[in-house]
Structures are given as C-alpha cells and as structure tokens.
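With full-length UniProt numbering, the residue at position 41 of the sequence shown is 41, and numbering never jumps. Glycine included, each C-beta is placed from N, C-alpha and C at the ideal position. All figures in this text were calculated on a predicted structure; none of them were measured in a lab. So the structure is just underneath, and the comments pick up after that.
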Amino acid sequence: MKASSLLILIVDDEPPVIDVLRRVGKKHFPEAAFISTNSPQETLTYLEDATQAKPDLILLDIDLHSTINGLELLPQIRERTRMLTPVIMFSTSDTQPNITQAYTHGASAYTRKPYDLDGWNDYVKLLRDYWFRMSLLPGRPKTSHPD
C-alpha cells in the first residue's frame, strides 16, 4: 500500500459485496486499499491487533448474520478506534429507527447499498470524492489532488 493510500475496512458478511467494492474500487478509487472482515469478532480482533494497519475509514453493514448486528457493533468499533476513524453505515435498510440508532451510536454517515453495478460505481466515486479528495482525516497527511 502506498503512503498516500486510504485504507478502507469493509465489515460485511456477504462476499459478493466485498468483491464488488474491491473491483469497483480498483477502477474508480485506485488510491484506496480495501480490506475486509466478515464478523463482529473478526472486526474487533483486527482493530485490537497492534500489528495490523489501522483503517482510515470503515464501511459497516447492519445485518451481519451474527449474534450482534452492525448497530450493536458500532459503539465497540468507536471505542477501539478512540472515535478517530469515521464509520459509514451501509445497508439495504433505510428505516428511520436504524438511521437514528446509527447516528446516536456515533456513525459518521448512513448510506444505502446500491442495487446494481452502476450504483456501486457511483457509490465508490462519491466515497473517493468526499473521503479522499475533500475530507481531512486524523493521522493522514494533507495531499494535493491535481484534478
């Protein structure tokens, strides 16, 4: 991973979602490295491991088909990252109680998962535009972007 890369942790238990994010990311967000975990325990273990690179951004699904869901996992992630890593909820659910709970527990944003490849392309382009080109993140040097 290049020093200027953005490390994005995908927390999702659906391999097709992880695969499409990696493929679309390679095309539309080459400055990012996408890594993944597929369960709450694997996520917490990764975040607690001092030998692992810390993510600059976390994409967290709600439905992890586990004893706890992403909304319940969110406060534990926020604690382990000392509130310094933005966490974007991404889900097929757009119910108001889920949205409210996500923000109450410290989500930086709440987004819906796209339904088709065009939607994923747009989603990744927006991720790049906002989280790489526009936002300043803790621990990341400011970079200039030619375009």
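DSSP places Met-134 in the helix class (H, G or I) of the three-state scheme. Taking Ala-107 as reference, the option from Val-124, Met-83, Thr-95, Gln-96 with the minimal CA-CA separation is Met-83.
Secondary structure note for Ala-102: its alpha helix (DSSP H) is the uninterrupted segment 96 to 104.
In this structure Thr-37 does not touch Leu-59 by the C-beta definition: roughly 11 angstroms separates them, more than the 8 angstroms allowed. In this structure, the alpha-carbon of Pro-97 lies about 31 angstroms from that of Leu-6.
Taking 3 residues as the shortest admissible run, the UniProt domain "Response regulatory" (7 to 128) contains the following complete beta strand (DSSP E) segments, listed from N- to C-terminal end: 32 to 37, 57 to 60, 87 to 91, 109 to 112.
Scanning its chain for C-beta atoms nearer than 7 angstroms, with the 5 sequence neighbours on each side dropped, one finds around His-28 the residues Asn-121, Val-124, Lys-125, Arg-128, in chain order.
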